[in-house]
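Undergrad:
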Amino acid sequence: NYNLLNPKQKELVEMLLNNGQDHLFRDWPPPGVDDHHKNAFFEQLVRLDSSYPGGLEAYIKNAKRLLAASKAGRNPFDGFTPSVPTGETLTFGDENFIEFEEAGVREACKAAFVLVAGGLGERLGYSGIKVALPAETTTGTSFLQLYIEYILALQEASSQGGSQTQIPFVIMTSDDTHDRTLELLKSNSYFGMQPTQVTLLKQEKVACLEDNDARLALEPQNRYKIQTKPHGHGDVHSLLYSSGILKQWYDAGLKWVLFFQDTNGLLFKAIPSALGVSATKQYHVNSLAVPRKAKEAIGGITRLTHSDGRSMVINVEYNQLDPLLRASGYPDGDENCETGYSPFPGNINQLILELGPYIDELSKTKGAIQEFVNPKYKDASKTSFKSSTRLECMMQDYPKTLPPSARVGFTVMETWLAYAPVKNNAEDAAKVPKGNPYHSATSGEMAIYRANSITLKKAGVLVADPVLQVFNGQEVEVWPRVTWKPKWGLTFSLIKSKVRGNCSISQRSTLAIKGEKIFIENLSLDGALIIDAVDDAEVNVSGSVQNQGWTLETVDYKDASEPEALRIRGFKFNKIEQLETKYTQPGKFDLKA
Ligand code: UGB
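Here the working numbering is used: the sequence shown runs in plain steps of one and ends on residue 588.
#1: Going straight from the alpha carbon of E9 to that of P225, what length do you get?
#2: Would you kindly check if the distance between the Cβ of P71 and the Cβ of Q607 is under 9 Å?
#3: Would you say the region 224 to 240 touches the region 389 to 405, given that touching needs at least three Cβ pairs under 8 Å?
#4: Do you know how far the Cα of G362 is from the Cα of I354?
#5: Quick check: does the Cβ of R118 come within less than 8 Å of any heavy atom belonging to the ligand UGB?
#6: Give me, in chain order, the residues of the same chain whose beta-carbon lies closer than 7 Å to that of T300; leave out the 5 immediate sequence neighbours on both sides.
#7: With a threshold of 8 Å, are at least 3 pairs of Cβ atoms found where one atom belongs to the region 515 to 531 and the other to the region 571 to 588?
#8: On the three-state DSSP scale, how would you describe E511?
#9: Quick check: what's the CA-CA separation for D208 versus I221?
#10: How far does the alpha helix (DSSP H) with I443 in it extend, from its first residue to its last?
#11: What is the DSSP secondary structure of Y219, counted as helix, strand or coil?
#12: Tell me whether the beta-carbon of T258 lies closer than 9 Å to the beta-carbon of A130.
#13: Does the pairing of the region 431 to 445 with the region 287 to 300 give three or more beta-carbon distances under 8 Å?
#14: Comparing C-alpha positions only, which one of P370, A421, G27 sits nearest to E117?
#15: Between A148 and P481, how many whole angstroms is the CB-CB distance? I'm expecting something under 8 Å.
#16: Looking at the strands, I want to know which residues DSSP matches up with K480.
#17: Tell me which same chain residues have a C-beta within less than 8 Å of the C-beta of G135, skipping the five on either side of it?
#18: Can at least three beta-carbon pairs, one atom from the region 329 to 343 and one from the region 449 to 457, be found at a separation below 8 Å?
#19: Could you tell me the distance, in whole angstroms, from the CA atom of V252 to the CA atom of K105?
#20: Anyone know if the C-beta pair for G565 and F466 falls short of 9 Å?
#21: Quickly, what does DSSP pair C332 with across the bridge? List them, please.
#22: Does at least one heavy atom of the ligand UGB sit under 8 Å from the Cβ of H226?
#23: Express the C-alpha separation of Q155 and V201 in angstroms, rounding to a whole number.
#24: Just list the residues that DSSP pairs D230 with in beta bridges.
#25: Cβ of G341 within 9 Å of Cβ of A284?
#26: Among G335, T297, Y336, which has the Cα closest to the Cα of L320?
#27: Please confirm whether R101 and Y278 have their CB atoms less than 9 Å apart.
#28: Which ranges does the alpha helix (DSSP H) cover as unbroken runs of at least 4 residues, wholly within the region 105 to 175, from first to last along the chain?
#29: To the nearest angstrom, how far is it from the Cα of E548 to the Cα of A442?
#30: With three or more beta-carbon pairs closer than 8 Å as the criterion, would you say the region 481 to 491 touches the region 502 to 520?
#31: Go through the region 219 to 305 residue by residue and report every complete run of the alpha helix (DSSP H) that reaches 4 residues or more, in order.
#32: When the Cα of S382 is compared with those of S519, A269, T223, L270, which residue comes out closest?
#33: Tell me the rounded alpha-carbon separation between T81 and R445.
#34: Could you name the residues of the same chain whose beta carbon sits closer than 6 Å to that of H173, not counting the 5 residues immediately before and after it, in chain order?
#35: Any heavy atom of the ligand UGB closer than 8 Å to the CB of Y414?
#36: Between the Cα of Y(-3) and the Cα atoms of Q16, F20, G15, which residue gives the shortest distance?
Okay, here's the thing in structure tokens:
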């Protein structure tokens, strides 16, 4: 067999034999038998080799080291003492916040956005890709559409008066999500973005490991195929680096890279101010955080100080925080303090990196991120695994290799404004301890109405208080169903400029603002109002709207007759009556109800 291989393949085989992988080729039939399977096997080896920084050899060596450390029960935080770090804390709507928002919008034309969307969302159990899910069902806007419209709104606002820039948008996909993400974009004309603005980078899975010697695991039913599993969102750094795109951005004068996750419908409400913080404080790394409930499935931002004097501010993942605290003089581990929250701010994995220092660092590391391994051992002897394992990495571990001179900070936002991910299925969400967030499709949608209602209240609108309702076993606050296009309400100042006089909205109301220059003046809303206007139409909405509106009906998540996207949230709208107006021509219009 060996003589039939090309030089690259020969090199790989030799490397594997020298690294304890002879089982891969054991008892192979002679040439002429299974040749196409063998070719496919070599193709897979080449793919695995080229998609990992340092190649398969580095992967196997890293795996041996990490598996040995895991077997020895070595604590990854050995020598480090955790403490609560200090960062920038923002309060929505105050002078400081408004200044940061303005600074952030100015910087946005020098930013690029990166969405990590390679995860299948096993905890959510939704059959489609998560970015295709509606963020809310009043308008049915998907997460991907919402994100793109926010980036376009930032692009427009940031380049006002200056030259029109196009903010680049990268989406990291995987084999699980790539085709469906591309299809979603294409079938919706990229939601208004230029196709050339969007780059999809597909992450490859990594080889599974069958034992402590890091022997690569073969598929049980196919001796010519190595088992693979996802390597984690940390792949985004090596993919960006190897694609060469960072260099292009730098040459084009960009300064910031913003990373974000697949299903947080609130996240862009925090982007302008957080980017303003990065620019003002000149942070090389700025992580966004929210107050964290103990045991919530989000990492804790922690200062780790080593006995040798080193110190860093870094995310400690939710499954590691409790053991770390217990081992460091906090006998209760991951517990709330007197504020009712964990003293450690919760990482929401929105990272803002300054491009120049980021490129400098990646030139050294090639984008490799510190990895970890989490084998499930058969017994306490830790000699064999229940099933194969693999190395993993997380994008927020990027600062771990930075020198002490790096300016690493974080910004704490209010949860209602910044964080409401859709991660848990209905059954698991219903089991979340009372007072902790559900992170479900139900809570994710309700959080959008809540944030918009609170924002309008702060802008002077009399918004009725919410009522409590239970959907899919989760008690949530139901506020008026207020939604708007990102270009209508990109910042608090912009929202305030669109709301005039004495306006009021009752709890049972629905308000969908689908346009840019729509002004609400002395409006009393009790029912449903939908205003749709092209960008050049300026519409002044006033008077009293009273109709039967849209009522909320419960949907059982087990009811197979309902679409899955509704079942997972546990409610749907019964659109009984609404005032709906459409402005398709430029001009000035008055809508007096
Ligand atoms: N993702 C990928 O793109 N590729 C992968 O291989 C895996 C995931 P999860 P997780 O803020 O909500 C993270 O599974 O990992 C994408 C932080 O680690 O939703 O449990 C995937 O598509 C945690 O500290 O989250 O927890 C998704 O967009 C905390 O911050 C994203 O990566 C938490 O998120 C996250 O994947 C949070």
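Every residue gets a Cβ at the ideal spot worked out from N, C-alpha and C, and that includes glycine. The model shown is predicted, which means the values in this text are computed figures rather than measured ones.
TA: On the basis of the coordinates in this document:
#1: Here residue 9 refers to the residue found at position 14 when the sequence shown is read from its first residue. Here residue 225 refers to the residue found at position 230 when the sequence shown is read from its first residue. Roughly 26 Å between the two C-alpha positions.
#2: Any question about residue 607 goes unanswered here, given that the chain covers just -4 to 588.
#3: Segments in contact, yes.
#4: By 1-based counting over the sequence shown, the position of residue 354 is 359. By 1-based counting over the sequence shown, the position of residue 362 is 367. Approximately 9 Å between the Cα atoms of the pair.
#5: Here the question's residue 118 lines up with position 123 in the sequence shown. Under cutoff, so the answer is yes.
#6: As a position in the sequence shown, residue 300 is number 305, starting the count at 1. Taking T300 as the centre and dropping the five residues before and after it, the same chain places the C-beta of F75, T76, S78, S306 closer than 7 Å to its C-beta, in chain order.
#7: yes
#8: If you number the sequence shown from 1, residue 511 lands on position 516. Residue state, collapsed to three classes: coil.
#9: Counting from one through the sequence shown, the residue named residue 208 turns up at place 213. Counting from one through the sequence shown, the residue named residue 221 turns up at place 226. Roughly 16 Å between the two C-alpha positions.
#10: As a working mapping, residue 443 is identified with position 448 in the sequence shown. Run containing I443: 436 to 453, per the alpha helix (DSSP H) assignment.
#11: Locating residue 219 in the sequence shown gives position 224, counting from the first residue. DSSP places Y219 in strand when its eight states are reduced to three.
#12: For the purposes of this step, residue 258 is identified with residue 263 of the sequence shown, where counting begins at 1. For the purposes of this step, residue 130 is identified with residue 135 of the sequence shown, where counting begins at 1. For T258 and A130, yes; Cβs fall inside 9 Å.
#13: yes
#14: Walking along the sequence shown from the start, residue 117 turns up at place 122. Relative to E117, the option among P370, A421, G27 whose CA is nearest is A421.
#15: Locating residue 148 in the sequence shown gives position 153, where the first residue counts as 1. Locating residue 481 in the sequence shown gives position 486, where the first residue counts as 1. Indeed, because the Cβ distance is near 4 Å, the residues count as touching under 8 Å.
#16: The count along the sequence shown starts at 1 and reaches residue 480 at position 485. For K480, which the question treats as bridged, DSSP gives no partner whatsoever.
#17: Locating residue 135 in the sequence shown gives position 140, counting from the first residue. Same-chain partners within the cutoff: P129.
#18: no
#19: Position 257 of the sequence shown holds residue 252. Position 110 of the sequence shown holds residue 105. When rounded, the distance between both Cα atoms is 9 Å.
#20: Working through the sequence shown from its first residue, we reach residue 565 at position 570. Working through the sequence shown from its first residue, we reach residue 466 at position 471. Yes, these two residues count as a Cβ contact at 9 Å.
#21: Counting from one through the sequence shown, the residue named residue 332 turns up at place 337. Note: C332 sits in no beta bridge, so no partner.
#22: Along the sequence shown, one-based indexing puts residue 226 at 231. Result yes, Cβ under 8 Å from the ligand UGB.
#23: Against the sequence shown, residue 201 aligns to sequence position 206. Against the sequence shown, residue 155 aligns to sequence position 160. Going by the C-alpha atoms only, they are around 45 Å apart.
#24: Residue 230 sits at position 235 when you count from the first residue of the sequence shown. DSSP lists no partner for D230.
#25: Counting from 1 along the sequence shown, the entry for residue 341 is found at position 346. Counting from 1 along the sequence shown, the entry for residue 284 is found at position 289. In this structure, A284 lies closer than 9 Å to G341 by Cβ.
#26: Position 325 of the sequence shown, counted from the first residue, corresponds to residue 320. The residue with the shortest Cα to Cα distance from L320 is T297.
#27: Within the sequence shown, numbered from 1, the residue matching residue 101 stands at position 106. Within the sequence shown, numbered from 1, the residue matching residue 278 stands at position 283. For R101 and Y278, no; Cβs fall outside 9 Å.
#28: Listed in chain order, they are 138 to 153.
#29: Position 553 of the sequence shown holds residue 548. Position 447 of the sequence shown holds residue 442. Distance between the alpha carbons of E548 and A442 is about 18 Å.
#30: yes
#31: 230 to 238, 240 to 246, 262 to 276
#32: Against the sequence shown, residue 382 aligns to sequence position 387. If we check each option's Cα against that of S382, T223 comes out closest.
#33: For the purposes of this step, residue 81 is taken as the residue at position 86 of the sequence shown. For the purposes of this step, residue 445 is taken as the residue at position 450 of the sequence shown. So the two alpha carbons sit approximately 28 Å from each other.
#34: Numbered from its first residue, the sequence shown carries residue 173 at position 178. Excluding sequence neighbours, H173 sits near K197.
#35: Here residue 414 is taken as the residue at index 419 of the sequence shown, counted from 1. Yes, since a heavy atom of the ligand UGB falls inside the 8 Å radius drawn around the Cβ of Y414.
#36: Position 2 of the sequence shown, counted from the start, is the residue given in the question as residue -3. Among Q16, F20, G15, the Cα nearest to that of Y(-3) belongs to F20.
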